[in-house]
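Peer 1: Below are the structure tokens for one structure; questions will follow.
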Amino acid sequence: MWFTGPLTEATIARDLERVDHVLNLTSNSTEHKVACDRFHALQIAVENDSLLIVHLLLSRGVQPSTFDFSVAVQNRSYAILELMLANGLDIKAASQAQPSSFWTGAFADPELVRWLVAHRADLNAPDEFGCTPFSIAAQSTPLETLILLLELGAAADQGYPLHSAIENNREEGVVQLLLNNGASPNAIEFEGKPKAFYDIVNGVGTPLHVAYRQGNDKLVQLLHKHGAAENIKDTKGRLPCQVRDARPISASL
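Counted the way UniProt numbering counts, the sequence shown spans residues 1 to 253.
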């Protein structure tokens, strides 16, 4: 449990005058507990969408974290987001710190997506495994939003969005959209990247491997139409047909 100091308490109470008073009293303090109090106060103010308190804290030198920015994104707090950016927060760093939580909520709001991209959030920024925000979107975001993301510069040939879509048994229209926009049906997922737990345990391969593993015959046929190869092995040395044949009987019913 974090330290709850007088500044945090005043922020919880949404008492702007008391927040100002505490800031004045501790303006020259370098104590660790005072720094923690300021950090937690800003976090609470952002969570509560307390614009005036956020503005006051920032104006007194309290620095926002990438987590604070992500919370403001989830809250759709445009004014607070603008304040943080004006205060020097790096939107690219914020979007890459916890990309799943940052983007998942944003993808539900096209206006917010447009705002973030207009302020230089990168839809193609890869994480350590090469996955991009567009890969996250491909998991469950509606087709109309995926089209918007492509219009805003998302790249279907980066970050394995095709693997993500098939892994989540997306409708054929989504998979067709990705293929039409350059997603490769023969790309090996995470190729050249650090081994993930999933890779070590199950092995990763092409979108065709994923479609066979999911037992999705319609997507298998669609991938074949777009040139998916049956002779590419996954990271455990298996061909797509071997992944199909290795599926449990219950999974193929």
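Virtual Cβ for every residue (Gly too), placed ideally from N, Cα, C.
Mind listing, in chain order, the continuous alpha helix (DSSP H) runs of no fewer than 4 residues lying wholly within the region 49-106?
Peer 2: At a cut-off of 4 residues, the continuous stretches assigned as alpha helix (DSSP H) that sit fully inside the region 49-106 are 51-59, 66-75, 78-86, 91-97, 99-106.
Peer 1: Quick check: what's the CA-CA separation for A118 versus D217?
Peer 2: Position 118 of the sequence shown, counting from 1, holds the residue named residue 118. Position 217 of the sequence shown, counting from 1, holds the residue named residue 217. Between A118 and D217, the C-alpha separation is close to 39 Å.
Peer 1: Which of the three DSSP states is assigned to S140 in this structure?
Peer 2: As a first step, residue 140 is located in the sequence shown; it is residue number 140 there, counting from the start. S140 falls in the helix class under three-state DSSP.
Peer 1: Quick check: what's the CA-CA separation for R244 versus V62?
Peer 2: Counting from 1 along the sequence shown, the entry for residue 244 is found at position 244. Counting from 1 along the sequence shown, the entry for residue 62 is found at position 62. In a straight line, the C-alpha of R244 is about 55 Å away from that of V62.
Peer 1: Could you give the DSSP three-state label for Y160: helix, strand or coil?
Peer 2: Taking the first residue of the sequence shown as position 1, residue 160 is located at position 160. Y160 falls in the coil class under three-state DSSP.
Peer 1: What's the C-alpha gap between D53 and S59?
Peer 2: Numbered from its first residue, the sequence shown carries residue 53 at position 53. Numbered from its first residue, the sequence shown carries residue 59 at position 59. Looking at the sequence provided, one finds Ile at residue 53 rather than Asp. Rounded to whole angstroms, I53 to S59 spans 10 Å at the Cα level.
Peer 1: Return the residue from the list L143, E171, A125 that minimises the CA-CA distance to D157.
Peer 2: Translated into positions along the sequence shown, residue 157 becomes position 157. Comparing Cα-Cα distances from D157 to each of L143, E171, A125, the minimum goes to A125.
Peer 1: Report the three-state DSSP secondary structure of L253 (helix, strand or coil).
Peer 2: Counting from 1 along the sequence shown, the entry for residue 253 is found at position 253. Confidence is the limiting factor: at L253 the pLDDT is only 39, short of 50, which leaves the residue's position unreliable, though a coordinate-based value still follows. Three-state result, L253: coil.
Peer 1: Measuring alpha carbon to alpha carbon, tell me which of L222, D127, D20, S77 ends up nearest K92.
Peer 2: The sequence position of residue 92 within the sequence shown is 92, counting from 1. Selected option, being the one with the closest Cα: D127.
Peer 1: Reducing DSSP to helix, strand and coil, say where C131 ends up.
Peer 2: Indexing the sequence shown from 1 puts residue 131 at position 131. Coil, per DSSP.
Peer 1: Beta-carbon within less than 6 Å of L162's beta-carbon, same chain only, minus the 5 sequence neighbours each way: which residues are those?
Peer 2: One-based indexing of the sequence shown puts residue 162 at position 162. Excluding residues within five positions, the ones whose Cβ falls inside 6 Å are L178, A183, P207.
Peer 1: Taking DSSP as the reference, what is the three-state secondary structure of R170?
Peer 2: Within the sequence shown, residue 170 is the residue found at index 170, counting from 1. Shown here, R170 sits in coil according to DSSP, grouped into three states, outside any helix or strand.
Peer 1: Using only alpha-carbon positions, find the residue among V113, D20, W115, P64 that is nearest to D90.
Peer 2: Position 90 of the sequence shown, counted from the start, is the residue given in the question as residue 90. Ranking V113, D20, W115, P64 by Cα distance to D90 puts P64 first.
Peer 1: Let me confirm a value: A10 is counted as buried when at least 16 other C-beta atoms fall within 10 Å, else exposed. Which label applies?
Peer 2: Sequence index remark: in the sequence shown, residue 10 carries index 10 (1-based). Buried.
Peer 1: For the alpha helix (DSSP H) containing L222, name the first residue and the last one.
Peer 2: On the sequence shown, residue 222 is found 222 positions in, with the first residue counted as 1. Membership of L222 in the alpha helix (DSSP H) is indicated by the continuous run 217-225.
Peer 1: For S135, collect the residues of the same chain with a Cβ closer than 6 Å to its Cβ; drop the 5 residues on either side in sequence, then sort them by chain order.
Peer 2: One-based indexing of the sequence shown puts residue 135 at position 135. Excluding sequence neighbours, S135 sits near G159, Y160, P161, S164.
Peer 1: Rounded to a whole number of angstroms, what is the C-alpha to C-alpha distance between H226 and V220?
Peer 2: Numbered from its first residue, the sequence shown carries residue 226 at position 226. Numbered from its first residue, the sequence shown carries residue 220 at position 220. Each residue's alpha carbon lies about 10 Å from the other.
Peer 1: Can you tell me whether L16 is helix, strand or coil according to DSSP?
Peer 2: Against the sequence shown, residue 16 aligns to sequence position 16. Helix.
Peer 1: Between which residues of its own chain and C241 is the CB-CB distance below 8 Å, once the five residues before and five after are set aside?
Peer 2: Translated into the one-based positions of the sequence shown, residue 241 becomes position 241. Cβ within range, chain order: Y212, E230.
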